[in-house]
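Protein chains in written order, with our numbering: chain A, 1 to 245; chain B, 1001 to 1305; chain C, 2001 to 2369.
In this text, a Cβ means the ideal position worked out from N, Cα and C, and glycines have one as well.
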Amino acid sequence: MQASKPKAIEVTDLTVAYQDKPVLWDIDLDVPPGVLLSIVGPNGAGKTTLIKAILGLVRPAAGNVLIYDKPYEAQRRIVGYVPQRGSVDWDFPTNVLDVVMMGRYGALGWVRRPGKNERELAMQALEKVGMEAYITRQISQLSGGQQQRVFLARALVQDATIYLMDEPFQGVDATTERAIVTLLQELRANGKTVVVVHHDLQTVTDYFDWVMLLNIRRIASGPVEETFTSDNLRETYGGRVAFMK
Amino acid sequence: MENLSILIHLDYTLMVVAIGAALLGTVSGALGTYAVLRRQSLLGDAISHAALPGIAIAFLLTGSKAPLILVLGAAIAGWLGTLLILSIVRLTRIKYDSALGLVLSTFFGFGLVLHTLIQRTGNANQAGLDTFLFGQAATILERDVLTIAILGGVALMIMLVFWKELKLLVFDEGFAASIGLPTRTLDILLTSLLVMAIVLGLQAVGAVLMSAMLVAPAVAARQWTNRLRLMVFLAGCFGALAGVSGTIISSTASRIPTGPTIVLCATVVVGISITFAPNRGLVWDRIRHQRNRRDLKTATGRLLK
Amino acid sequence: MLQGHFDIQLIAIVTAVACALPGVFLVLRRMTLMSDAISHAILPGIVLAFFLTESLSSPLLILAAAGTGVLTVFLVELLQRTKLVKEDAAIGLTFPALFSVGVILISRFAGNVHLDMDAVLLGELAYAPLNKLKAFGYDLGPVSLYVMGAILVLNLVFILLFYKELKLATFDASLAATLGFAPALIHYGLMTLVSITTVGAFDAVGSILVVALIAGPPATAYLMTDRLSRMLILSAIIGSVNAVSGYWLASLFDVSIAGAIATTTLLIFGLVFVLIPNRGIIAIARRQARQKWEFAQTMLAIHLFNHEGLPEAEAESAIADLHEHLSWDPTFTNQVVKHALNNQYVSRKETQLALTEHGRTIAQQALVQ
């Protein structure tokens, strides 16, 4: 076969089923390095499941996921993950700095405790998301946007090459949304690959350069200007998208 | 005079009992923190009730009443009960609360059947069951204290060694799995620690009241701090405090059972914490509320002028 | 003696049915543990009423217990509303505290009076028929039969009268509220019933095993039907079966009757859990085994469909490489291919697989669903 370009993420023929209900059917997806990709699709399209399957959190019924040509288990250190904000209990007794330092746990390995080095990395990440003034704040006393920034900072200290983010714009204020977009574009400028589960079709063309349209199967994926067409959208959403010009 | 009589009561036996109760309170308080944070407060109730058939079977099989064997039986049965609850929830549409109630009561009922069987062979008496139901804090001996100290100490050590892994598991399981932590194994480890705390605690307060010993210290501790480290430490302290004060109070007068007194002491600590703890407490909340209103009033007053 | 057998079984059945009926709503409303809390927490109410009346069969006892039960529900909700304590922890705090008060009251002040801790916790059905209701010198049967019978009738009347409201409040509380059905009122009504039922059942089975009567039959019935009305009837039947078989188990081995009823509750639940068509674990396992093949064939069809007519189609449909693309075990892949060929989902062209018209339809249908 021809020598192909390197792929940051390569998903081939991925099928995931919960019990016997398929959530993803035979998905193929190539993500080239250095793109800012949004995964778009209606509710229940399997967007979160796709992210989880890439991370090895759910077992596929068929198919394969490779991160730079190797299985995820071998590449954990170069992948950063931002789960949905609603997936954790924000009343958990911990503060901002502590949550961000959790991003270093993978690099630390078993039993070793975070120390000065981890603290400094966490501080730097918090500065990047504009949360350095809140380090000792209990996490339940943060606004939704601030909580999301803390999660982003935690992924940043993972110092990854690939970032997977599940709905980082969900329920955040306008300021945070702008800050996150700037951050994402900065990451891409530094050669990182960023995959974002996204809900707001209006902003796809402004924020991202690649897009994947998903509804249980892959409808299309590629550069935004080629892929984000009204035809593809109609196929994804079943003709329910009226706003496209 | 009153003080003097308390001093006289602080004899050697009482001291042993108090130390035992303090140790048990520490272990169940510290480990109970995780149960409360995972919203599994009532799992402790189920495990403690489900332990009865395990104790009975351990006795039937070995004929021994050695605490270690009975504790092992209790732990296995408690574990099986937990496993059954989780499988029912995973495989059917029956919800967690019903599965828990079902397992709790029916395991206990089965234990009761076994107990009456043993009773008929003349090997046990009603006192055995009462011990299980209400604990036997007052009869804790020196060697019991040693068992509690060793087993409880091991449980707490394991908790400390895997501190950061367990913390991440409880806070954000998905993230924990994404960085390669074996979440299922950690889950089993944490549940095993909880089972250990419970079967030990059974001796102090018994099955019926065990859930309070897991929940109360943790809930009280949560009000005073926003850090897990301090919460676990405080919960351990509150548990110990409840253990000691319950033991001493129940020894000052006749016919005050120790277990329920310990539980009431723990409840009082919760009451005080919920009311007076800074930042989270109800009094504090009220003051802040009124201050806000006053500020708002003066602000609008200024605005109107 | 025969009369005794009959009386005990009758009391057991009436108690079981009286518990199972409100239990259905608790199970559906995810409030089973509230019944556990109530059954323990009513102890101080019973003790105080006992001190006042010095009798265990006074109606005041039931009133006091019902009051304490409702108080428990209220306390739990109050604790939750402070937002400082989550629901499960609130329950886990409240009932041991109230129960402790009860135990201390009993051992401190009732040491010489007949109020036995074991009777409260474990009950003793065997003694229930001994306490007879006598009027004008006639023996009218066991008192507890009358008490439980009255409670059963009360539960039945409440459920029949408010069936629609209960159903609505259980499945859609917010809709019930907007329709003006006051779900809070229904909620407290139900909790009052549960409290009264629990006190009544106390005598027979004690406070721990009453949970088995309340949660067991409805949980079993929940695996057997989708309809609320059927679930109520089935729960009543299962409760009766548990009670009678438990009684016979107890007489056979000469063990605690209440314990034996709880044991049969677990056994019958276990049987249904394993054996029931559709929802039992055997049925689930068999369905999964069957679906595994169907699912795999559909996967294969979709795989071929997705790559049809594309440049990579040749590579993707080579039989020898299929297992690599799909990350399947090679033998499993071969078998799936064989099944798919038999079912005419695919046809074979030398080393390649191609979709048939039928296979294409299958793939398209699966994707649209």
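Give the DSSP-derived three-state secondary structure of A17 (chain A) in the structure shown.
The DSSP-derived three-state label of A17 (chain A) is strand.
To the nearest angstrom, report how far apart K245 (chain A) and L2310 (chain C) are at their CA atoms.
Summary for K245 (chain A): the model assigns pLDDT 37, below 50, so the residue's position carries little reliability; its value from the coordinates is reported in the next sentence. If you take the alpha carbons of K245 (chain A) and L2310 (chain C), they lie about 30 Å apart.
Which whole runs of the alpha helix (DSSP H) in the stretch 1160-1219 of chain B are 4 residues long or more, in chain order?
Those alpha helix (DSSP H) runs which fall completely within the stretch 1160-1219 of chain B and span 4+ residues are 1163-1171, 1173-1178.
C-alpha distance - M2001 (chain C) paired with A1035 (chain B), whole-angstrom precision:
In this prediction, M2001 (chain C) scores a pLDDT of 46, lower than 50, which makes its location untrustworthy; the coordinate-derived value is nonetheless stated afterwards. Distance between the alpha carbons of M2001 (chain C) and A1035 (chain B) is about 50 Å.
Helix, strand or coil at Q158 (chain A) according to DSSP, with G and I counted as helix:
coil
For L2367 (chain C), would you say it is in contact with chain A, using Cβ-to-Cβ distances shorter than 8 Å as the test?
yes
Range of the contiguous beta strand (DSSP E) that encloses Y68 (chain A):
Neither: Y68 (chain A) is in no beta strand (DSSP E) and is coded neither H nor E.
Quick one: Cα of H1115 (chain B) to Cα of D1130 (chain B), how far?
Distance between the alpha carbons of H1115 (chain B) and D1130 (chain B) is about 11 Å.
Kindly indicate if chain A contains any beta-carbon less than 8 Å away from that of N1292 (chain B).
At a cut-off of 8 Å between C-beta atoms, N1292 (chain B) does not count as an interface residue with respect to chain A.
Against chain E, does D26 (chain A) count as a neighbour if the rule is that its beta carbon must be under 8 Å from one of theirs?
Here the protein chains are A, B and C, and chain E is not one of them.
Can you tell me the Cα-Cα spacing of L1037 (chain B) and L1151 (chain B), whole angstroms?
23 Å
Where N2155 (chain C) falls: helix, strand or coil (DSSP):
helix
How is the alpha helix (DSSP H) around M123 (chain A) delimited, first residue to last?
116-128
Beta-carbon neighbours of V194 (chain A), restricted to chain B and to distances below 7 Å
Result: empty, since nearest Cβ-Cβ is about 16 Å, beyond 7 Å.
Beta strand (DSSP E) runs wholly inside the stretch 186-236 of chain A, at least 3 long, in chain order:
193-198, 210-215, 217-223
Check the DSSP bridge columns for K1065 (chain B) and list the partner residues they point to.
DSSP lists no beta-bridge partner residue for K1065 (chain B).
Please work out which residues of its chain come closer than 8 Å, Cβ to Cβ, to V2244 (chain C), disregarding the five sequence neighbours upstream and downstream, and give them in chain order.
Q2009, A2012, I2013
Can you name the residues of chain C whose CB is closer than 7 Å to the CB of A1216 (chain B)?
Think of a sphere of 7 Å around the beta carbon of A1216 (chain B): the chain C residues whose beta carbon falls inside it are L2093, in chain order.
Given a cut-off of 8 Å, decide if G1032 (chain B) and P1260 (chain B) are closer than it, judged by their beta-carbon atoms.
no
Of the choices C:L2079, C:K2083, C:S2100, C:L2084, whose alpha-carbon is the least far from that of I2091 (chain C)?
C:L2079
Run the CB neighbour count on M1 (chain A), radius 10 Å, all protein chains shown included, and call it buried at 16 or more, exposed below.
Note that M1 (chain A) scores 42 on pLDDT, short of 50, meaning its location in the model is unreliable; the coordinates nonetheless yield the value given after this. Result: exposed.
State the Cα-Cα distance for the pair E1142 (chain B) and F1238 (chain B), rounded to the nearest angstrom.
23 Å
Short of 6 Å in beta carbon distance, which residues of its chain neighbour S2235 (chain C), apart from the five on each side in sequence? Order them along the chain.
Once the five neighbours on either side are set aside, the close Cβ partners of S2235 (chain C) are A2020, V2024, P2217, P2218, A2221.
Which same chain residues, not among the five before or five after F243 (chain A), have their C-beta less than 6 Å away from its C-beta?
Confidence in F243 (chain A) is poor, its pLDDT being 47 and thus under 50, which makes the residue's placement too unreliable to answer from.
Identity of the residues DSSP links to K2132 (chain C) by a beta bridge
The partner list for K2132 (chain C) (beta bridge, DSSP) reads C:P2142.
Looking at the structure shown, is P93 (chain A) part of a helix, part of a strand, or coil, going by DSSP?
Here P93 (chain A) sits in coil by DSSP.
Short Cβ contact (8 Å threshold) for D2254 (chain C) with R1280 (chain B):
No, Cβ-Cβ distance for D2254 (chain C) and R1280 (chain B) is not below 8 Å.
Quick check: the Cα distance between R1039 (chain B) and D91 (chain A), rounded to an integer number of angstroms?
12 Å
Measuring only the C-alpha atoms, how far is E2357 (chain C) from I216 (chain A)?
So the two alpha carbons sit approximately 22 Å from each other.
Closest to L1070 (chain B) by C-alpha separation, out of B:A1051, B:L1043, B:S1028, B:G1025, would be which residue?
B:A1051
Mind listing the chain B neighbours of R113 (chain A)? Cutoff is C-beta to C-beta under 9 Å, in chain order.
W1163, K1164
Assigned secondary structure, A45 (chain A) (DSSP; H/G/I helix, E/B strand, else coil):
coil
In angstroms, rounded to a whole number, what distance separates the CA positions of T1183 (chain B) and L1228 (chain B)?
19 Å
Residue range of the beta strand (DSSP E) that I78 (chain A) falls in?
Element bounds for I78 (chain A): n/a, residue is neither H nor E.
Using beta carbons (cut-off 8 Å, strictly below), is F1175 (chain B) in contact with chain A?
yes
Name the two residues that bound the continuous beta strand (DSSP E) containing L2355 (chain C).
2352-2355
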